[in-house]
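>
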Amino acid sequence: MNLAEDFKHEPNEVFSAAQVQLARDEAARSGRRLIEVLEEQSGLSPLEYLACLGRTLHFPVLAMPELSGHDPDFSMLSYPLALTRECVVVRHDGGEPVLVLSDPFNPMIQAWAEDQFSDVGRWVLAHRQDVLAFLAGFEETLQAMDSVLAATAATALPASGVDDLSLKRINEDASPTVRLVHSTIYDALKAEASDIHLESTISGMAIKYRIDGVLAMVGTVDGVAQAEQVISRVKIMAELDIAERRIPQDGRFKVSIKGREVDFRVSIMPSVSGEDAVLRILDKQSLSDSIKGLRLDYLGFDEQAATMLRRLANEPHGMLLVTGPTGSGKTTTLYALITEINHGQDKIITIEDPVEYQLPGVLQIPVNDKKGLTFARGLRSILRHDPDTIMVGEIRDQETAQIAVQSALTGHLVLTTVHANNVFDVIGRFVHMGVDTYSFVSALNGIVAQRLVRLVCSHCAGAFKPDAALLTDSGLTAAQVRGYEFRHGSGCGHCRGSGYKGRKAISEVLLLTDEIRELVVERAPIRRIKEAARQAGMQNLRDSALDLVRRGLTDLQEINRVTFVG
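Take the sequence shown: its letters are residues 0 to 565, numbered as in numbering that gives the first Met the number 0.
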C-alpha cells in the first residue's frame with residue numbers, strides 16, 4: 000500500500016488510523032522507527048509530511064526557516080542530550096521556552112519530556128533532519144567556547160601531578176629522555192593510537208603504536224642505557240618503584256593536552272632484554288565527545304545485527320553477553336546499547352575496571368581491588384541500590400558469574416562481557432565456572448561475539464583482483480566471489496602507509512530459543528547447537544566479514560587476520 004496515492008489530490012489530509020497502524024506493523028517487523036516508516040510510506044516531501052503529521056497529532060509545527068530564527072537554550076536541555084533525544088529547547092527573542100520534538104511516537108521520549116519539561120507550556124513538532132541540522136549549526140560555536148575556556152584555564156596553575164603537554168613545552172624540556180617520552184605520548188595522541196608499546200631490545204628500544212588494532216613501528220632508541228632511562232621516566236610518571244626491575248608493576252598517570260586531561264594505564268613487564276612498558280591511552284574527553292548520540296549504526300553493525308541487539312537490550316530482564324578478545328569493542332557496544340535505552344526512566348548502574356568514559360544519567364562504579372571492591376562485591380551492593388539495568392564490565396570468576404545469573408533471574412537486565420572466541424564457547428565457559436546450567440540458560444537472552452575489522456583507506460583504495468592463491472587461502476572459489484567489489488589500499492599519508500583507515504564491527508548474534516536452551520541443558524554436542532542456531536537464522540562472524548569484502552569496505556587479507564577461514 001502506497002500512502003502517497005491518498006495525498007496525491009488532497010495534500011491537506013491527515014494520516015488515518017489505518018495508515019498509522021500499517022506503518023506501525025512494518026516498523027515492528029523491520030525494527031525501524033515508526034516515524035521513519037510512516038514518512039517513507041507516505042511518499043510526501045519532508046515539508047508536506049511534517050505539515051500532515053502536525054495536523055494528525057494536533058501539534059504546531061516548525062519548518063527549518065522558522066526554527067533557524069530561534070535560539071537554543073542549552074541550560075534547560077544540554078547539547079549532548081539534545082543530540083541523543085533529537086529534540087531541543089528554543090526561545091524566540093528571549094521569550095518563553097519552546098520544546099521542539101522530532102519523534103512524537105516514541106513513548107520513552109514522551110515520558111521523559113513530560114517528566115523534565117512539564118512546566119514548558121508550548122511543545123512543537125519539527126522534522127528530525129531539521130532538528131539535527133539546527134543542532135549541527137551550534138557545534139562549532141560550542142567547540143569555540145571550549146577553546147576559550149581551555150585558553151583561560153591554561154593561564155592557571157596545572158593540576159598537581161599532571162604534566163602539561165604541548166610542542167612548546169616539549170621543546171623546552173632540558174632532559175632528552177623527558178623530551179623523548181613526552182613527544183612519544185604527544186604523537187600517539189595525534190595518531191589516535193590506543194596503546195604505546197616500549198619494547199626493550201639487545202641494542203636499545205623499539206617504540207610502537209597500536210592504531211586500529213594493529214601495532215606499527217614508529218621509532219627506535221639506540222643504547223641500552225637510554226632505553227632504561229625511558230622506562231625509568233615512565234615509572235616516575237606512574238609513581239612506580241624505579242629500583243624494582245624483577246617483577247611486573249602497574250600504575251597510572253595523567254597528562255594535560257590542549258586543555259583536557261588524558262589518563263594513561265601503565266604496565267611494566269621484565270624481559271630478557273630489560274623491561275617493556277605498555278601505556279594504554281584512556282582519552283575520556285575524546286571518547287565522551289564521540290559517544291554523544293552513540294548508536295549501534297555508528298559502530299558499523301549491519302541492520303540485522305543491530306535490530307537483534309536492540310531487541311535484546313530492550314528486554315525487561317535477563318542477561319546479554321558480549322564476547323570477543325581484548326580490544327574488540329565489547330565495552331563500546333555495551334555503552335552504545337545503554338545510550339540507546341537510557342531514557343531517564345530506569346536506574347542504570349555499571350561496575351567497570353576501569354570506567355573508560357562517562358555516561359550521563361548512569362551511576363558508574365570503578366572496581367578497586369586494593370580496597371576490596373571487586374566485581375562480585377560491587378555487584379552485591381548494586382542489587383541493594385534498586386537498579387533496573389546493570390552492566391558488569393567483565394565476568395572473570397565463578398562468584399561474579401553466579402551473582403550475575405541470579406540478578407538476571409530476579410527481574411534485572413544484566414549486560415556484561417566475557418572472554419571467549421565465539422558465541423558457543425561462552426556456554427562452555429559458564430559451565431566450567433560451575434554455574435548451574437539450567438539457571439544460566441534460563442537467565443540468558445542472547446550472546447554477541449564481535450570483532451573489529453579495519454576498513455580500506457578511502458583516499459588510496461583502488462580496484463583489486465585477488466589471485467587464485469589468496470582465494471584458496473580464504474576458502475573461496477572464483478564462482479563464490481562473482482559480483483564482489485574487491486578494493487585494496489595502496490598506502491598514503493592519511494593511513495600512515497597501512498592502506499587501512501578506521502574500523503567497523505562485525506558480529507554474530509545467538510538468540511536463545513527454547514530449542515537451543517534444551518540442547519544446552521541436555522549437554523548436546525556443539526555441532527547440534529550450531530545447526531539449531533543456523534536454522535534460527537544466525538549469521539556467523541566469517542559471513543559478516545565477507546559481506547564487507549563484497550561491498551568493497553575491507554579486503555580478504557584483513558578478514559583472514561581477524562576471523563577463521565572455513
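Backbone N, C-alpha and C define an ideal beta-carbon position, used for all residues, glycine too.
According to DSSP, Met268 sits in a beta bridge with which residue or residues?
Asp275, per the DSSP bridge assignment.
> Cα separation between Val548 and Gly328?
20 Å
> Alpha carbon to alpha carbon, how far is Pro269 from Lys234?
If you take the alpha carbons of Pro269 and Lys234, they lie about 13 Å apart.
> Would you give the residue range spanned by the beta strand (DSSP E) that Thr388 belongs to?
388-391
> Check whether the region 513-530 and the region 466-479 are in contact - that is, three or more C-beta pairs closer than 8 Å.
no
> Would you mind giving the Cβ-Cβ distance between Val87 and Val130, rounded to the nearest angstrom? I have them listed as a contact below 8 Å.
Between Val87 and Val130 a beta carbon distance of about 6 Å is seen, short of the 8 Å cut, so the two are scored as contacting.
> What is the rounded straight-line gap between the Cα of Arg568 and the Cα of Arg251?
In this structure the chain extends from 0 to 565, so residue 568 is not present and cannot be described.
> Does Lys370 pass the burial test, meaning 16 or more other C-beta atoms within 10 Å, or should it be called exposed?
exposed
> Is it the case that the region 310-329 contacts the region 352-360, given that we only count it when at least three CB pairs across the two stretches are under 8 Å?
Flag = no, the region 352-360 and the region 310-329 do not touch.
> Which stretch, first to last residue, makes up the beta strand (DSSP E) that contains His487?
486-488
> What residue from Gly42, Arg121, Gly30 has the CA that sits closest to Pro59's CA?
Minimum Cα distance to Pro59 is reached at Arg121.
> Look at the Cβ atom of Ile525, then the Cβ atom of Ala544, and state whether they are nearer than 9 Å.
no
> Can you give me the C-alpha to C-alpha distance between Ser159 and Leu298, rounded to a whole angstrom?
Its pLDDT being 43, under 50, Ser159 is placed unreliably by the model, and the measurement read from it follows with that caveat. If I take the Cα positions, the gap works out to 36 Å.
> Enumerate in chain order the residues of its own chain whose CB-to-CB distance from Gln401 is below 7 Å, with the five nearest sequence positions on each side excluded.
Val434
> Determine the extent of the beta strand (DSSP E) in which Gln449 is found, giving its start and end residues.
443-455
> For Gln363, which beta-bridge partners are listed by DSSP?
Thr349
> Verify whether the separation of the beta carbon atoms of Arg428 and Ala419 is less than 9 Å.
yes
> Indicate whether Ile340 and His384 have their beta-carbon atoms separated by less than 9 Å.
no
> Run through the DSSP bridge pairs and tell me what Ser543 is partnered with.
None, per the DSSP bridge assignment.
> Can you find the residues in the same chain that come closer than 6 Å, C-beta to C-beta, to Ala312, ignoring five residues on each side of it along the sequence?
Leu336, Ile340
> Smallest Cα separation from Val213: which of Arg495, Glu530, Glu227?
Arg495
> When DSSP builds the beta bridges, which residues end up paired with His196?
Lys207, Val277
> Check for me: the alpha helix (DSSP H) holding Asp186 runs from which residue to which?
Run containing Asp186: 175-189, per the alpha helix (DSSP H) assignment.
> Can you give me the start and stop residues for the alpha helix (DSSP H) that Leu552 sits inside?
Counting along the chain, Leu552 falls outside any alpha helix (DSSP H), and DSSP gives it neither H nor E.
> Check the DSSP bridge columns for Glu416 and list the partner residues they point to.
For the sequence presented, residue 416 should be read as Thr rather than Glu. According to DSSP, which records beta bridges pairwise, Thr416 is partnered with Val321.
> Skipping 5 residues on each side, what residues in its chain have a beta carbon closer than 7 Å to that of Thr55?
Val13, Phe14
> Look at the alpha carbon of Arg209 and the alpha carbon of Thr330, and state the distance between them as a whole number of angstroms.
18 Å
> Could you tell me which residues DSSP puts in a beta bridge with Gly218?
According to DSSP, which records beta bridges pairwise, Gly218 is partnered with Ile206.
> Once DSSP output is grouped into helix, strand and coil, what is the label at Asp72?
coil
> Can you give me the Cβ contacts of Pro10 inside the same chain, cut-off strictly under 7 Å, excluding the 5 residues immediately before and after it?
With a pLDDT of 46 at Pro10, under the threshold of 50, the modelled position of this residue cannot be trusted; read the value that follows with caution. Excluding sequence neighbours, Pro10 sits near Glu47.
> Count the other CB atoms within 10 Å of the CB of Glu487; is the residue buried (16 or more) or exposed (fewer)?
For the sequence presented, residue 487 should be read as His rather than Glu. It counts as buried.
> Find the nearest neighbour of Thr553 within the set His493, Ala403, Arg516, Glu484, judged by alpha-carbon distance.
Glu484
> Please name the residue, chosen from Glu85, Leu540, Val354, that lies closest to Ala304 on a Cα-to-Cα basis.
Ranked by how close their Cα comes to the Cα of Ala304, the residues Glu85, Leu540, Val354 have Leu540 in first place.
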